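Structure, as structure tokens:
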Amino acid sequence: MVPVPKAKTRCKLCRQIVFVRSGPDGLRYLLQEIDLPAMEAEWVAATGREATELDRMATAQAEVLHTQAWRLTFDAMPGARFIDLSNDEEEQQVVGESHYQDELAEVSNLANGVVRRRDVVAVLVAEPDNRYDRNAVRVEVFGRQVGYIPKEDAEEISPILLTLHRQGTFIASQAAIVGGGIGRSGSRLSFGIRLAIEDYSEWAEILKGPVTDRKVASS
Numbered sequence: 360m361v362p363v364p365k366a367k368t369r370c371k372l373c374r375q376i377v378f379v380r381s382g383p384d385g386l387r388y389l390l391q392e393i394d395l396p397a398m399e400a401e402w403v404a405a406t407g408r409e410a411t412e413l414d415r416m417a418t419a420q421a422e423v424l425h426t427q428a429w430r431l432t433f434d435a436m437p438g439a440r441f442i443d444l445s446n447d448e449e450e451q452q453v454v455g456e457s458h459y460q461d462e463l464a465e466v467s468n469l470a471n472g473v474v475r476r477r478d479v480v481a482v483l484v485a486e487p488d489n490r491y492d493r494n495a496v497r498v499e500v501f502g503r504q505v506g507y508i509p510k511e512d513a514e515e516i517s518p519i520l521l522t523l524h525r526q527g528t529f530i531a532s533q534a535a536i537v538g539g540g541i542g543r544s545g546s547r548l549s550f551g552i553r554l555a556i557e558d559y560s561e562w563a564e565i566l567k568g569p570v571t572d573r574k575v576a577s578s
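So in my numbering the end of the sequence shown lands on 578, straight run, no missing numbers.
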């Protein structure tokens with residue numbers, strides 16, 4: 360293992376990286392959590408052959424996990440069609456997650472356990488009958504509501520979603536369940552969800568194109 364400089368804080372994107380003391384030398388080493396299906400998370404050095412092999416195995420499993428996530432989505436909404444607007448370079452926020460902690464824990468378990476981060480498929484559903492906001496858009500994962508799209512964004516995309524819903528079609532994207540587990544103090548950490556979806560301002564232009572150019576999935 361290669362020692363790295365001491366760090367009092369971590370960058371906000373380093374959710375799976377920690378600095379720990381290791382061995383009699385008292386130096387800090389950079390360790391990374393590697394999650395693989397059907398096995399407990401392993402803490403390994405970010406350098407070295409073992410970490411490289413685990414990274415390779417995780418990459419090999421990515422397609423399998425992606426397929427499983429879509430299958431769970433199909434099962435939750437039989438007969439529905441989905442337009443996949445996933446974009447790994449975009450990250451959109453979800454609000455109200457604190458009210459759906461049980462649901463987030465449940466879908467995290469369905470997506471192979473509760474450890475830091477789980478990749479899932481999120482579906483956006485317009486709620487024109489919502490008593491508080493007729494433009495409300497809820498976020499569902501595997502048929503469970505886990506939050507809402509922020510109000511200002513929902514106003515922009517709700518009309519688009521309603522038009523698609525009349526055709527039995529829904530917008531979906533890759534998403535990640537983050538958080539969960541037990542903190543150092545023994546308290547339970549909250550779950551959250553992040554959407555890897557096209558910028559909402561681009562939707563209208565994207566959906567203007569030929570249907571054959573869209574990534575459409577159905578059961």
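Quick reminder that beta carbons are idealized off the backbone N, C-alpha and C, glycines included.
Fair warning: this is a prediction, and the values are worked out from it, not measured in the lab.
Problem set entry | Unbroken stretches of the alpha helix (DSSP H), 4 residues or longer, contained in the segment 425-502 | 460-469
Problem set entry | Leu-554 in three-state terms, based on DSSP | strand
For this session: Indicate the three-state DSSP secondary structure (helix, strand or coil) for Ser-546 in the structure shown.
Result: In the three-state DSSP reduction, Ser-546 falls in the coil class, being neither helix nor strand.
Problem set entry | Classification of Ser-532 by the beta-carbon crowding that lies within 10 angstroms, buried from 16 upward | buried
For this session: Spatial neighbours of Ala-534 within its chain, please: CB distance less than 6 Å, with the 5 preceding and 5 following residues excluded, ordered by chain position.
Result: Cβ neighbours of Ala-534 beyond the five flanking positions: Val-479, Ala-481, Ile-552 and Leu-554.
For this session: Compute the Euclidean distance between the alpha carbons of Gly-502 and Ser-544, then round it to the nearest angstrom.
Result: 33 Å
Exercise. Where do the N-terminal and C-terminal ends of the beta strand (DSSP E) with Ser-532 fall, by residue?
Worked result: Element bounds for Ser-532: 528-538.
Problem set entry | Helix, strand or coil at Ile-541 according to DSSP, with G and I counted as helix | strand
Problem set entry | Proximal residues to Arg-486 (C-beta, below 6 Å), its chain only, five neighbours per side dropped | The residue you asked about is not Arg; residue 486 is Glu in the sequence shown. Excluding sequence neighbours, Glu-486 sits near Ala-495 and Arg-497.
Exercise. What are the partner residues of Tyr-507, as DSSP defines its beta bridges?
Worked result: Val-454 and Arg-497
Exercise. Does the beta-carbon of Arg-490 have 16 or more other beta-carbons within 10 angstroms, so that it is buried, or is it exposed?
Worked result: For Arg-490, the number of other beta carbons within 10 angstroms of its own is below 16, and it is reported as exposed.
Problem set entry | CB of Ile-508 within 8 Å of CB of Val-453, strictly | yes
Problem set entry | Cα-Cα separation between Val-466 and Lys-567, rounded to whole angstroms | 33 Å
Problem set entry | Where the alpha helix (DSSP H) containing Glu-564 begins and where it ends | 562-567
Exercise. In chain order, what residues of the same chain lie with their CB nearer than 8 Å to the CB of Gly-527, ignoring the 5 residues before and after it?
Worked result: Gly-438, Ala-439 and Arg-440
Exercise. Arg-380 by DSSP, collapsed to three states: which one?
Worked result: With a pLDDT of 41 at Arg-380, under the threshold of 50, the predicted position of this residue should be treated as unreliable, though the coordinate-derived value follows. Of the three classes helix, strand and coil, the one that applies to Arg-380 here is strand, per DSSP.
Exercise. Can you list, in chain order, the residues of its chain whose CB lies under 6 Å from that of Glu-514, leaving out five sequence neighbours each side?
Worked result: Asn-494
Problem set entry | Simplified DSSP assignment, three categories, for Glu-514 | Here Glu-514 sits in helix by DSSP.
Exercise. Can you name, in chain order, every residue of its own chain whose Cβ lies under 6 Å from the Cβ of Val-500, other than the five neighbours on each side?
Worked result: Val-466, Val-479 and Ala-481
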